[in-house]
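Below is one structure; the comments refer to it alone.
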Amino acid sequence: MKSYRKELWFNVPTRRAFINITHQVEDCLRESKIKEGMCLVNAMHITASVFINDDESGLHHDYETWLENLAPHEPVSQYRHNATGEDNGDAHLKRQVMGREVVVAVTEGKLDFGTWERIFYGEFDGRRRKRVLVKIIGE
Ligand code: ZN
Numbered sequence: 002m003k004s005y006r007k008e009l010w011f012n013v014p015t016r017r018a019f020i021n022i023t024h025q026v027e028d029c030l031r032e033s034k035i036k037e038g039m040c041l042v043n044a045m046h047i048t049a050s051v052f053i054n055d056d057e058s059g060l061h062h063d064y065e066t067w068l069e070n071l072a073p074h075e076p077v078s079q080y081r082h083n084a085t086g087e088d089n090g091d092a093h094l095k096r097q098v099m100g101r102e103v104v105v106a107v108t109e110g111k112l113d114f115g116t117w118e119r120i121f122y123g124e125f126d127g128r129r130r131k132r133v134l135v136k137i138i139g140e
């Protein structure tokens, strides 16, 4: 069995953003030379997500509105977590809803997606360098 590991780095200039990382994961898969197996992609930070959905700007706007309704950033004093001196209590909650990782089947050297599926990095507390892990195993 072959095994491949790579870290992708992001430095999002805004507090929140959704970034399509499908091509970067496909580059990893090509580099791995694995044709049949599994590909795991996970955020390595507790205020960021990796998820799969449609690359459609209206949907991403809807996520932003929905998440901000669920866990508004302001006032930061509403979160017990922020009593530690941080201001990212909302970002931890947003990440929990949007998830930590995705697993995609690898078939004939390609990510075996469903219709319209793409992989996204969800940033909820940006303006610093953060990592995403890509781990691929198979033959
Ligand atoms: Zn925190």
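By our numbering, the letter at position 42 of the sequence shown is numbered 43, and the numbering carries on one by one without gaps.
Don't be surprised by glycine CBs; every beta carbon is placed ideally from N, CA and C.
All of these numbers come straight from a predicted model, not from anything done at the bench.
Those residues that have a beta carbon less than 5 Å away from any non-hydrogen atom of ligand 1 are, in order along the chain, Glu-87 and Asn-89. Cβ neighbours of Gln-25 within its own chain (closer than 7 Å, five residues either side excluded): Leu-9. A distance below 8 Å separates the beta carbons of Lys-95 and Phe-125. DSSP, reduced to helix, strand and coil, places Lys-36 outside both helices and strands of the structure shown, so it counts as coil.
Of the candidates Val-77, Asp-63 and Ile-35, Ile-35 places its Cα closest to the Cα of Met-2. Counting along the chain, Val-98 sits inside the alpha helix (DSSP H) bounded by residues 90-99.
Exclusion of the five residues before and after Val-103 leaves Val-42, Val-51, Phe-52, Ile-53 and Ile-120 as the residues of its chain whose Cβ lies within less than 7 Å of its Cβ.
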